[in-house]
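2 protein chains.
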Amino acid sequence: MASRNADTSNGAPHLDSVSLAIIEQLQEDGRRPYAAIGKAVGLSEAAVRQRVQKLLDQGVMQIVAVTDPLTVGFRRQAMVGVHVEGDVEAVAEAIAAMDEAEYVVMTAGSFDLIVEIVCEDDDHMLEVINRRIRAVPGVRSTESFVYLKLKKQTYMWGTR
Amino acid sequence: MASRNADTSNGAPHLDSVSLAIIEQLQEDGRRPYAAIGKAVGLSEAAVRQRVQKLLDQGVMQIVAVTDPLTVGFRRQAMVGVHVEGDVEAVAEAIAAMDEAEYVVMTAGSFDLIVEIVCEDDDHMLEVINRRIRAVPGVRSTESFVYLKLKKQTYMWGTR
DNA sequence: AGGATTTCTGCGAAATCCGCAGCGCGATGG
DNA sequence: CCATCGCGCTGCGGATTTCGCAGAAATCCT
Numbered sequence: 001m002a003s004r005n006a007d008t009s010n011g012a013p014h015l016d017s018v019s020l021a022i023i024e025q026l027q028e029d030g031r032r033p034y035a036a037i038g039k040a041v042g043l044s045e046a047a048v049r050q051r052v053q054k055l056l057d058q059g060v061m062q063i064v065a066v067t068d069p070l071t072v073g074f075r076r077q078a079m080v081g082v083h084v085e086g087d088v089e090a091v092a093e094a095i096a097a098m099d100e101a102e103y104v105v106m107t108a109g110s111f112d113l114i115v116e117i118v119c120e121d122d123d124h125m126l127e128v129i130n131r132r133i134r135a136v137p138g139v140r141s142t143e144s145f146v147y148l149k150l151k152k153q154t155y156m157w158g159t160r
Numbered sequence: 161m162a163s164r165n166a167d168t169s170n171g172a173p174h175l176d177s178v179s180l181a182i183i184e185q186l187q188e189d190g191r192r193p194y195a196a197i198g199k200a201v202g203l204s205e206a207a208v209r210q211r212v213q214k215l216l217d218q219g220v221m222q223i224v225a226v227t228d229p230l231t232v233g234f235r236r237q238a239m240v241g242v243h244v245e246g247d248v249e250a251v252a253e254a255i256a257a258m259d260e261a262e263y264v265v266m267t268a269g270s271f272d273l274i275v276e277i278v279c280e281d282d283d284h285m286l287e288v289i290n291r292r293i294r295a296v297p298g299v300r301s302t303e304s305f306v307y308l309k310l311k312k313q314t315y316m317w318g319t320r
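Just so you know, the sequences run in chain order A and B. The working numbering applies: residue 1 is where the first sequence begins, and numbers increase by one. The working numbering applies: residue 161 is where the second sequence begins, and numbers increase by one.
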C-alpha cells in the first residue's frame, strides 16, 4: 500500500477523451461494471479495466465512498483559511500531513491556503487549529468557518 | 434514477458500528467486494450487500470516482465565501441548484455560506460568480479564492 | 405473547472480474 | 527500408463476485 493519497504533484498525465468518458461513467457510479463502461465509451471490457487501473495508479482519480462526516459521528468540521509568510508549499505539506486535514488547497486570494478539517468534538478542533496548524512555521494567522450543515456534495462535473 | 444527489436533509439515520465499519472499508476502496467487506466486519456477503444498498439509497454515502478537476480539463476552480442577509437556507438552496457548484456548506463564521465551484475558464468563472451567485436574492457580497494547486484530498476519516 | 417488520443467512444462476497470450501500430534506430 | 521495441487493445477461459430469492432469526410494537 505504497501511495494511498493522490499524486498531487500535477503531472498533467494527458487524458484523452476516452479516459475522460470513463471517468464520467465512474463519477455517476463508482461500481459500474467495466463491460457497461466499455459499451458506453466504445472499448472492450479489458481495455476499460486497464485504463481504470492506470488512472488509479497514476492518482488521477480515486474510487471511494464519500459521506457527510457530520452525519457519520464526527461532531465538528470546519474550513480554515490560512495566512502564510514564506514558503506556502512547505506549510501546505506540513498541514496535509495531519490526519484531521481532509482537503488542502493553495489559493490566490486573501488566504494563501484553505484547509478542511474533521474533528471528533470541540476540544479536538481547538487543539488542531490552535496547537497544530498555528504551530506550523510560516503560519501567520488563521480564520475558521465551522460547518453547520452540508447542503450539496457532488462529483459529477463531467455530466453536464 | 430518482434521487441522484445526497439526502442533505440531515435525517441522522442512526448508523451502528457495523455500518460504520462497512463505510470505512469502502472509503479505502470503493470497489472492494462484498465478501471481503463481510469478512472484515463479520457479516455475510448478502447482508453487506443489503446494507450498502440501503446506505446508498438513504444518501448516507455515495460511491464515486473523485478527481482533481484542474488535472482533468477544467481550468478554473475556486472557493467562494458568501455573506447572506435573510434566509440563508434559501440562498444555499438556490446556489446548490447550479451545476457549477460542487460543494455548498452553511457555516458559522464571517461567511454564512461556503461554495466550491468548477469552471471551464476565466470567463465562465466570472459569469458564475458575478452574474449568477451575486444575483441570488439575499446575497450581500462574496469573496473568492481561486485554486492554484490541490495538495491533499482524502476521504478516509475512518481509518485513523 | 402474538404478529408484523426488518435483518441476516445460505444457496444456485448469471454476470463480472482477472490474467494472459496474441495482434496491430507508431516510434526508434540500425 | 525494415527489424525491433513499447504500448494499448482484443478475445478468451477460469475464478470470483454479484444478484435474487426463500427461509430462519432477531427486533419492534401493541
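Virtual Cβ for every residue (Gly too), placed ideally from N, Cα, C.
Nearest-angstrom Cβ-Cβ length linking residue i and residue j, presumed shorter than 8 Å
i	j	result
Val-104 (chain A)	Lys-312 (chain B)	4 Å
Ser-144 (chain A)	Gly-269 (chain B)	6 Å
Glu-100 (chain A)	Val-128 (chain A)	5 Å
Tyr-307 (chain B)	Ala-238 (chain B)	6 Å
Met-258 (chain B)	Arg-292 (chain B)	6 Å
Leu-20 (chain A)	Val-232 (chain B)	7 Å
Asp-68 (chain A)	Leu-126 (chain A)	With a Cβ gap of about 22 Å, Asp-68 (chain A) and Leu-126 (chain A) do not count as contacting.
Glu-276 (chain B)	Trp-157 (chain A)	No, Glu-276 (chain B) and Trp-157 (chain A) are not in contact; Cβ-Cβ is about 11 Å, not under 8 Å.
Gln-185 (chain B)	Ala-200 (chain B)	6 Å
DSSP three-state assignment for residue i, whether helix, strand or coil
i	result
Gly-246 (chain A)	Since the displayed chain A opens at 1 and closes at 160, residue 246 (chain A) lies outside it and no answer follows.
Ala-92 (chain A)	helix
Met-125 (chain A)	helix
Met-161 (chain B)	Its pLDDT being 32, under 50, Met-161 (chain B) is placed unreliably in this model, and the coordinates cannot settle the point.
Arg-75 (chain A)	coil
Ala-40 (chain A)	helix
Leu-15 (chain A)	coil
Val-52 (chain A)	helix
Ala-101 (chain A)	strand
Arg-291 (chain B)	helix
Pro-147 (chain A)	Before going on, a small fix: residue 147 (chain A) reads as Tyr here, not Pro. Strand.
Glu-198 (chain A)	Nothing about residue 198 (chain A) can be reported from this structure: the residues present for chain A run from 1 to 160 only.
Arg-140 (chain A)	strand
Neighbouring residues, chain B, relative to residue i (Cβ below 9 Å)
i	result
Ile-23 (chain A)	Ala-225, Thr-227, Val-232
Tyr-147 (chain A)	Val-265, Met-266, Thr-267, Ala-268, Ile-274
Tyr-155 (chain A)	Gln-222, Val-224, Ala-225, Val-226, Thr-227, Glu-262
Val-84 (chain A)	Residues of chain B passing the Cβ test: none, with the nearest at roughly 12 Å.
Leu-15 (chain A)	Thr-231, Val-232, Gly-233
Leu-20 (chain A)	Val-232, Gly-233
9 Å Cβ cut-off: residues of chain A touching residue i
i	result
Met-285 (chain B)	In chain order: nothing, as chain A lies at least about 12 Å away.
Ala-252 (chain B)	Lys-149, Lys-151, Lys-152
Chain-ordered chain B contacts of residue i [CB-CB under 8 Å]
i	result
Ala-96 (chain A)	Lys-311, Lys-312
Arg-31 (chain A)	Gly-190, Arg-191, Ile-223
Under 8 Å from the C-beta of residue i: neighbouring residues of chain A
i	result
Glu-303 (chain B)	Gly-109, Ser-110
Proximal residues of chain B, C-beta to C-beta of residue i below 7 Å
i	result
Val-118 (chain A)	Trp-317
Gln-53 (chain A)	Chain B residues near Gln-53 (chain A): none, gap ~11 Å exceeds 7 Å.
Gln-27 (chain A)	Val-224, Ala-225
message = Using 8 Å as the cut-off, can you tell me whether the segment 115-124 of chain A makes contact with the segment 191-202 of chain B, which would need three or more C-beta pairs spanning the two stretches below that distance?
response = no
ask   = Is the segment 127-142 of chain A touching the segment 69-86 of chain A in the sense that three or more CB pairs, one from each, lie closer than 8 Å?
value = yes
query = Counting Cβ pairs closer than 8 Å, one from the segment 15-33 of chain A and one from the segment 61-80 of chain A, do we hit at least three?
reply = yes
request  = Tell me, please, whether the segment 199-210 of chain B touches the segment 41-49 of chain A by the rule of three or more beta-carbon pairs shorter than 8 Å.
outcome  = no
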